[in-house]
Each structure stands twice: as structure tokens, then as C-alpha cells.
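Visitor: Numbering that gives the first Met the number 0 puts the first residue of the sequence shown at 0, with every later residue one more than the last. To start, I am sharing the structure in question, which I have written as C-alpha cells.
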Amino acid sequence: MHPACDMLKNVRFAGNLIPHSFYKHIRRESGTTDFEGVGIMSDILYHYRPAEIRDRKTGRITGYRQRFRGDKFQISYRQYAEHYGISKGQVTTAVKNPDRLGLVFREFRTVTLPSGHRLSNVMFLEPDMESK
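Now the structure itself:
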């Protein structure tokens, strides 16, 4: 076995997983792969993938929990821009593309904070599990 393979056999990767089919299906209108859209779609699916709850003593899975609060995953274009190191405009395009392709639902709401302040146009994302 290659030494790098041997070293990686015990590494437990966490975070986004990108199915190869995303590169084929998440494309710009020009036909090229939308790499930012691929990354964001994979991040949306990561947040909807249940997190395991394990027994501390045995390590056995005792249940699952969702990774976000509320009824849908909430994130802003600015948060994605900072996370991926790209511009807010690139993020806007990258989020609109999976929405245009019917892979994700994008919803904007007005949210009232506990302090009473109201925030408008708060983005919530949800994968379309019925799509292609």
C-alpha cells in the first residue's frame, strides 16, 4: 500500500461531502460547472445530514439531531462569502443556481429577534429531496 494511503486509513474526515454527480448537474447557464454552487449545495446537504448522538461510555449511536435551529437552515450571503473566501456576488449567483435547477428551495423571511429588532430578507435554504 502507498504510504499516503496507509497514513490516511485512520483519518476521520468530517464536513462536506461532494458527490461526483454534482459536477455534472450543477452547471451555469453557459454549461460550465458551477464550482461555487457545488460547494454551497454540498454545505446545505451537510447541514441537513443528521448529526449522531453517541453514548460517551460505549461510543454507540443513541440517536440523531439536526445541525441547525429552527425549521430550516438559515445563513446569509455574507456568511458564505466569508466561509468560502469569495465575493458576495459570487455567493448570490452560486445560491441562485441550485435554486434555478430545482435542487434547493430559497426562502426569505422577516425575523424578529428576542430584543424586538426586526431583520428583513433573512435567507433560509432547504434541499429539494424530491428533485432529480
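Even glycine gets a Cβ: it sits at the ideal position worked out from N, Cα and C.
Output needed for residue 67: all residues of its chain with C-beta closer than 6 Å, excluding positions within five of it in sequence on either side, in chain order.
Guide: The sequence position of residue 67 within the sequence shown is 68, counting from 1. If we look at residue 67 and ignore the five residues flanking it on each side, its Cβ neighbours are 46.
Visitor: Is the number of C-beta pairs between the region 52-63 and the region 9-16 that are closer than 8 Å three or more?
Guide: no
Visitor: Between which residues of its own chain and residue 29 is the CB-CB distance below 7 Å, once the five residues before and five after are set aside?
Guide: Translated into positions along the sequence shown, residue 29 becomes position 30. If we look at residue 29 and ignore the five residues flanking it on each side, it has no Cβ neighbours.
Visitor: Can you tell me whether DSSP reads residue 0 as helix, strand or coil?
Guide: As a working note, residue 0 is residue 1 in the sequence shown. It is coil, neither helix nor strand.
Visitor: Roughly how many angstroms lie between the CA atoms of residue 88 and residue 37, to the nearest whole one?
Guide: Residue 88 sits at position 89 when you count from the first residue of the sequence shown. Residue 37 sits at position 38 when you count from the first residue of the sequence shown. Each residue's Cα considered, the two are about 16 Å apart.
Visitor: Would you kindly check if the distance between the Cβ of residue 91 and the Cβ of residue 76 is under 8 Å?
Guide: For the purposes of this step, residue 76 is taken as residue 77 along the sequence shown, with counting starting at 1. For the purposes of this step, residue 91 is taken as residue 92 along the sequence shown, with counting starting at 1. In contact: residue 76 and residue 91 (Cβ atoms closer than 8 Å).
Visitor: Thinking just about the alpha-carbon of each residue, which of 70, 64, 33 is nearest to the one in residue 95?
Guide: Numbered from 1 along the sequence shown, position 96 holds the residue referred to as residue 95. Ranking the options by Cα distance to residue 95, first place goes to 33.
Visitor: Rounded to whole angstroms, how far is the Cβ of residue 105 from the Cβ of residue 122, which I believe are closer than 8 Å?
Guide: The residue given as residue 105 occupies position 106 in the sequence shown. The residue given as residue 122 occupies position 123 in the sequence shown. At roughly 7 Å, the Cβ-Cβ gap stays under 8 Å, so residue 105 and residue 122 are in contact.
Visitor: From the DSSP output, read off the bridge partner residues of residue 126.
Guide: Counting from 1 along the sequence shown, the entry for residue 126 is found at position 127. BP columns for residue 126 point to 103.
Visitor: Could you pull out every residue in the same chain whose Cβ sits closer than 6 Å to the Cβ of residue 125, ignoring the five residues on either side in sequence?
Guide: In the sequence shown, residue 125 corresponds to position 126, counting from 1. Around residue 125: 71, 104.
Visitor: Using 10 angstroms around the beta-carbon of residue 42, count the other beta-carbons present and answer buried if the total reaches 16, otherwise exposed.
Guide: Reading the sequence shown from its first residue, position 43 is the one you call residue 42. Flag for residue 42 reads buried.
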